[in-house]
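Engineer:
Residue numbers (the UniProt record's numbering): 1 to 463.
1) Does the distance from the C-beta atom of residue 225 to that of residue 176 stay below 9 Å?
2) Going by alpha carbons, who is nearest to residue 124 out of 300, 327, 143?
3) Nearest to residue 367 by CA position, among 131, 232, 285, is which residue?
4) Looking at the strands, I want to know which residues DSSP matches up with residue 345.
5) Can you tell me whether residue 452 is buried or exposed? The criterion is at least 16 other CB atoms within 10 Å of its CB, across all chains shown.
6) Have a look at 444, 294, 390, 221 and flag the residue whose alpha-carbon is nearest the alpha-carbon of residue 308.
7) What do you get for residue 90, buried or exposed, if any count of 16 or more other CB atoms within 10 angstroms of its CB means buried?
8) So what does residue 286 bridge to, in DSSP terms?
9) Might you give, ordered along the chain, the residues of its own chain that have their beta carbon closer than 6 Å to the beta carbon of residue 355, omitting 5 neighbours on each side?
10) Are the segment 394-414 and the segment 335-353 touching, with three or more C-beta to C-beta distances below 8 Å?
11) What residues in its chain sit with their C-beta under 7 Å from that of residue 145, if we drop five residues either side in the sequence?
12) In the DSSP assignment, the beta strand (DSSP E) including residue 154 goes from what residue to what residue?
13) For the putative contact between residue 243 and residue 342, defined by C-beta atoms under 8 Å, what is the C-beta separation to the nearest angstrom?
14) Using 8 Å as the cut-off, can you tell me whether the segment 167-176 makes contact with the segment 435-452, which would need three or more C-beta pairs spanning the two stretches below that distance?
15) Taking only three categories from DSSP, how would you classify residue 43?
16) Just to confirm the assignment: which complete beta strand (DSSP E) runs, minimum length 3, are found wholly within the UniProt domain "FRG" (173-289)?
17) With H, G and I counted as helix, E and B as strand and the rest as coil, what does DSSP make of residue 324?
18) Name the two residues that bound the continuous alpha helix (DSSP H) containing residue 433.
19) Measure how close the beta-carbons of residue 468 and residue 285 come, nearest whole angstrom, since I'm counting them as under 8 Å.
20) For residue 376, which of helix, strand or coil comes out of DSSP?
21) Could you check where the alpha helix (DSSP H) with residue 449 kicks off and where it finishes?
22) Mapping the DSSP letters down to three states, classify residue 399 as helix, strand or coil.
23) By how many angstroms is the C-alpha of residue 329 removed from the C-alpha of residue 418?
24) CB residue 180 to CB residue 276, shorter than 9 Å?
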């Protein structure tokens, strides 16, 4: 068998655990009827299910929301899956309401519509008992490079890079990919907000070989920080006329902390960011990540639905939809922090960099890890990466696979991630080729006055 024909898993990689016979119907992609919420723009009036004998249930305001959905779905076998999903979220919303953090009606409406159209791809039983939030690093974890190196492809020149990108795309024809370049291969794939909270918590990185458990941020801490960010932006800066998602995007592009992870739909722009000149990092290897936005489909099954966010749906809400998910059970129902759905948002071109960089954002929750999922993250046979190892490597799930092999379906529906380590000696040559062939240079990637001003500050001017 040629390498081109080989598939995951390899002999030294994890083997798919046996199914326990309790497969969640939601993971099978059961079809459901469209879910409707009726209103006049000022609040909920009722809910109904299109194409059924159910009539809409009147709900006067938020207080009747959970009761209305329960009455609508009660006793229906056809909508058992949907009932579990929606009532679980209803419990979360009730907790949110009880804590006086009242979500807007448009946020709730968009959330329920989304849940009706996109059943969970994961199993609730896998997340019933989660790992403790703090853990020590394993003895195998020296840096994020330790986690990535067993599956990485090494790049020594532009021709290597081009061939590797082409090969990965050919191996993943049904997987949408987005790309992220980092100038140092030792760096993890973290959002700015996650790094900010790591510093707040005084997390010691694995490079310093700490022995104690590390207080990596969890989802609750991320949400609390985001609430504070939105409050400051709307109260003090008066940015009160934007959705939460657009507010975060604008903060991100200005260099502020958000959970959004910058990516591009263009692999060569991702590579440009990896080899972008930086005096401090020029002598170090770089890394290019490729992230699939959905899991590999099971043979004979349709792929998972697109997880792109639009500003006329979840993305338009004043409150982030994930703030309505106040416990791990409700997060699993929406595949938030499970690694199965990577929400991708392409923002409006309010900044010239967005168009120039073919930019997008990846959006997901902090990984919910458990012993039931450990065998999908192997160091070697029967040896698994710990929670601290995973969080040191990425603030979202990063199930690493080799980019030279066709990725295979896994029953827990982890979307795959691939990486290419670009040797330091190749950086200059790759920059030169991309500038001569594609026109990718500083002024193309950063076509704004702020970038020009920063460039002039650093450039010697002779007059």
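Glycine is no exception: its CB is placed at the ideal position from the N, C-alpha and C atoms.
Structural biologist: Reading from the atomic positions:
1) Against the chain shown, residue 225 aligns to sequence position 225. Against the chain shown, residue 176 aligns to sequence position 176. No.
2) Counted from its first residue, the chain shown places residue 124 at position 124. Nearest of 300, 327, 143 to residue 124, Cα basis: 327.
3) Here residue 367 refers to the residue found at position 367 when the chain shown is read from its first residue. Of the candidates 131, 232, 285, the one whose C-alpha sits nearest the C-alpha of residue 367 is 131.
4) Start at 1 with the first residue of the chain shown, and residue 345 comes out as number 345. DSSP output for residue 345 lists 309, 361 as bridge partner(s).
5) Within the chain shown, the letter at position 452 stands for residue 452. Flag for residue 452 reads exposed.
6) As a working mapping, residue 308 is identified with position 308 in the chain shown. Comparing Cα positions, the closest option is 294.
7) The sequence position of residue 90 within the chain shown is 90, counting from 1. For residue 90, the pLDDT reaches just 49, beneath the cut-off of 50, and the residue's location in the model is therefore unreliable, leaving the point undetermined.
8) As a working note, residue 286 is residue 286 in the chain shown. Under DSSP, the beta-bridge partners assigned to residue 286 are 422.
9) Locating residue 355 in the chain shown gives position 355, where the first residue counts as 1. Counting only Cβ-Cβ distances below 6 Å, and skipping sequence neighbours, we find 349.
10) yes
11) Indexing the chain shown from 1 puts residue 145 at position 145. The residues are 185, 186.
12) Along the chain shown, read from residue 1 onward, the residue named residue 154 stands at position 154. Start and end: 153-155.
13) If you number the chain shown from 1, residue 243 lands on position 243. If you number the chain shown from 1, residue 342 lands on position 342. Not a contact, Cβ separation roughly 20 Å.
14) no
15) Counting from 1 along the chain shown, the entry for residue 43 is found at position 43. Reliability of the predicted coordinates at residue 43 is poor, the pLDDT of 41 falling under 50, and no value is obtained from them.
16) 177-182, 261-264
17) In the chain shown, the residue the question calls residue 324 occupies position 324. For residue 324, the secondary structure class from DSSP, reduced to helix, strand or coil, is helix.
18) Taking the chain shown and counting its residues from 1, the one referred to as residue 433 is at position 433. Unbroken alpha helix (DSSP H) run through residue 433: 427-438.
19) A query on residue 468 cannot be resolved here, the shown segment of the chain reaching from 1 to 463 and no further.
20) Taking the chain shown and counting its residues from 1, one reaches residue 376 at position 376. Helix at residue 376.
21) Residue 449 sits at position 449 when you count from the first residue of the chain shown. DSSP places residue 449 inside the alpha helix (DSSP H), whose first and last residues are 449-458.
22) The residue you call residue 399 lines up with position 399 of the chain shown. Three-state result, residue 399: strand.
23) As a working note, residue 418 is residue 418 in the chain shown. As a working note, residue 329 is residue 329 in the chain shown. About 29 Å.
24) Walking along the chain shown from the start, residue 180 turns up at place 180. Walking along the chain shown from the start, residue 276 turns up at place 276. It is not a contact, given that the beta carbons lie outside the stated cut-off.
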